[in-house]
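J.: Please find one structure pasted underneath; my questions will follow.
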Amino acid sequence: MMARQLSFQLPAPMADQIENRRDDILTAMVHVVGRKGYDATSVADVIEEASTSRTTFYKYFDDKHGCFLAAYDRMVDRIFATVVAECDGEQPWLVRVRKGLTTLVEIFAREPELARTAVVEVAAAGAEARQRHWDAVARFTEYLDAGRRLSGGPALPEHISTMAVGAVSGLIFDELVAGRTAQLPELMPDLLFAMLVPYIGPTAAAEEMRRAA
Amino acid sequence: MGPVWQARLSESPRHDDFPRSFEAAFARLQVVVEEAYVSHAEWPDQVAAAIRVAFEFAAEDPEAANLLTNEALANGSDGIARYQRLVGYAAGLLVPGRTLSSDGALLPGSLEHSLAGGITMLVAQRVDRGSAAELPGIAADAIQFALAPYLGSERARQVAAAE
């Protein structure tokens, strides 16, 4: 059995090449959807952006939708890994939230097409894509939940983290739709306030907002 | 109940006349929200009542709630503009809270939009996952979330807990 499995393994350089080709298509999908919108994007657009062939595209994906879902999953994994790398560990919760949010905003400001695909266009890609979006939101809320014990007062509502992420996501959404993606870092004080206020209250959140300004 | 709704929403095609369907659903929502809002004298109670009826509206008619949230966001720039109007309407109901806050001067101008956006996303998520029926049971969470920046956590929790 082992020998049979090994017999199907490609030499490393060839396997890398295949993986790279698939990656190129996924990257192209994120860029084209961010630029043209999901509905207006065609497989031909993605093929052209990736500088590949129709045959290669259909070797990896059944259709545009399948490709988008794979591209979305990979994009979220990469964003999440980058954010967590900046804010995980032994740092205090407030520092992790500030660093994580700053990292996310910088990624979006640097890559406007990725930002638009991640936050705006995913809604147009159908129910399955939206479920993946909710899963992505849940991954971020798990990290925020550690802030519950900072509130000091009465128990915080169970769904507070979902609404806190929604509050920040809504503000980012409005900026992207208005074409102000490059100016997102300027919104950082407001975003930080929106994320922190449910946990630490308005006075402390305003102090964090002042520091971020 | 949940999986049935989930299947329906997942499979439902986009409305042929989205603008008209959206506006009809939005008008129905505004009527119940405004009736609830004006039935109380104090702003915290007005907001609490408005959130409760909005969550009941979504639970009783998840298709309308889906139209106002997920489907609007999927309908291009026109749908997005309508969705933003919905969030803006909800945000407007929160603005009077600034006069009650001892930290009013510290609050950012975007606060009401962020709170309304957070609550709307919770509704959109529940509706999309086929669990709209749970919304009335978690309305108190949203009330506390909306009021705490103005009143503080303890007072917000008291208002949210009151029937």
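Protein sequences, first through last, are from chains A and B.
Once you know that position 15 of the first sequence is 15 in the numbering used here, the rest is easy, because the numbers rise by one and skip nothing.
Counting from 1 along the second sequence, just add 1000 to a position and that's the residue number in the numbering used here.
Idealized CB from N, CA, C, for every residue including glycine.
1. Just the Cα atoms here: how many angstroms apart are B:Glu1035 and B:Ala1054?
2. Excluding the five sequence neighbours on either side, which residues of its own chain have a C-beta within less than 8 Å of the C-beta of B:Gln1030, listed in chain order?
3. Do you know how far the Cα of A:Gly89 is from the Cα of B:Glu1060?
4. List the residues of chain B whose Cβ lies closer than 7 Å to the Cβ of A:Trp93, in chain order.
5. By the 10 Å Cβ neighbour count, where 16 or more other Cβ atoms means buried, how is B:Trp1005 classified, buried or exposed?
6. Using the three-state DSSP reduction, which class does A:His65 fall into: helix, strand or coil?
7. Scan the region 1117 to 1128 of chain B for residues whose Cβ lies nearer than 8 Å to a Cβ of chain A and list them as they occur along the chain.
8. Hey, how far is the Cα of B:Met1121 from the Cα of B:Glu1112?
9. Pick helix, strand or coil for A:Val120, following the three-state DSSP scheme.
10. Looking at C-alpha atoms only, which residue of A:Asp62, A:Ala50, A:Phe68, A:Arg54 is the closest neighbour of A:Gly37?
11. Within 10 Å of its beta-carbon, does B:Pro1019 have 16 or more other beta-carbons around it, so buried, or fewer, so exposed?
12. Please classify A:Leu6 as buried or exposed, where buried requires at least 16 neighbouring CB atoms within 10 angstroms.
13. Measure the Cβ-Cβ separation of A:Pro185 and A:Met209 and say whether it is below 9 Å.
14. B:Asp1016: buried (16+ other C-beta within 10 angstroms of its C-beta) or exposed?
15. One question on the structure: do A:Val33 and A:Glu111 come within less than 9 Å of each other, judged by their Cβ atoms?
16. Using C-beta distances below 7 Å, list every residue in its chain close to B:Ala1132, excluding the 5 sequence neighbours before and after it, in chain order.
17. By Cβ distance, which residues of its chain are closer than 6 Å to A:Gly170, with the 5 residues on each side in sequence left out?
18. Under 9 Å between C-beta atoms, does A:Phe193 make it to chain B?
19. Please check the pair A:Trp134 and B:Asp1128, which I expect to be a contact at CB under 8 Å, by giving their CB distance rounded to whole angstroms.
20. Could you name each continuous alpha helix (DSSP H) segment of 4 residues or more that falls completely within the region 1083 to 1157 of chain B, going from the start of the chain to the end?
21. Would you list, in chain order, the members of the region 1039 to 1058 of chain B that have their beta-carbon closer than 8 Å to a beta-carbon of chain A?
22. For A:Tyr38, name the three-state secondary structure that DSSP assigns.
23. What three-state label does DSSP hand A:Asp24 in the structure shown?
24. Given a threshold of 16 other Cβ atoms within 10 Å of its Cβ, counted over all protein chains shown, does B:Ala1027 qualify as buried or as exposed?
25. Let me check understanding here. Comparing Cα to Cα, which of B:Leu1135, B:Gly1118, B:Trp1043, B:Ala1041 lies closest to B:Phe1145?
26. Counting only Cβ pairs nearer than 7 Å, list the residues of chain A close to B:Phe1145.
27. If contacts are defined as beta-carbon pairs under 8 Å, then A:Ala182 and A:Ala109 qualify, I think. What distance do you get, rounded to the angstrom?
28. Kindly say whether B:Ser1131, judged by its beta-carbon, lies nearer than 9 Å to any beta-carbon of chain A.
29. What in chain B is Cβ-close to A:Arg206, meaning under 7 Å?
30. Taking A:Gly166 as the query, report the chain B residues whose CB atoms sit under 9 Å from its CB, ordered along the chain.
31. Would B:Ser1021 pass as an interface residue toward chain A - the criterion being a Cβ-Cβ separation below 9 Å?
T.: Considering the structure as presented:
1. 11 Å
2. Tyr1089
3. 44 Å
4. In chain order: nothing, as chain B lies at least about 17 Å away.
5. Confidence in B:Trp1005 is poor, its pLDDT being 44 and thus under 50, which makes the residue's placement too unreliable to answer from.
6. helix
7. Gly1117, Gly1118, Ile1119, Thr1120, Met1121, Leu1122, Gln1125, Asp1128
8. 14 Å
9. coil
10. A:Phe68
11. exposed
12. With a pLDDT of only 41 at A:Leu6, under the threshold of 50, the placement of this residue in the model should not be trusted; the figure read from the coordinates follows. With fewer than 16 other Cβ atoms within 10 Å, it is exposed.
13. no
14. exposed
15. no
16. Trp1005, Ala1058, Ala1059, Pro1062, Ala1065, Arg1126
17. none
18. yes
19. 7 Å
20. 1111 to 1128, 1135 to 1151
21. none
22. coil
23. helix
24. exposed
25. B:Gly1118
26. Pro157, Ile160, Met163, Pro198
27. 6 Å
28. no
29. The sequence shown places Ala at residue 206 of chain A, not Arg. Per Cβ cutoff of 7 Å: Asp1103, Leu1106.
30. Ser1114, Gly1117, Gly1118, Ile1119, Thr1120, Met1121, Leu1122, Ala1124, Gln1125
31. no
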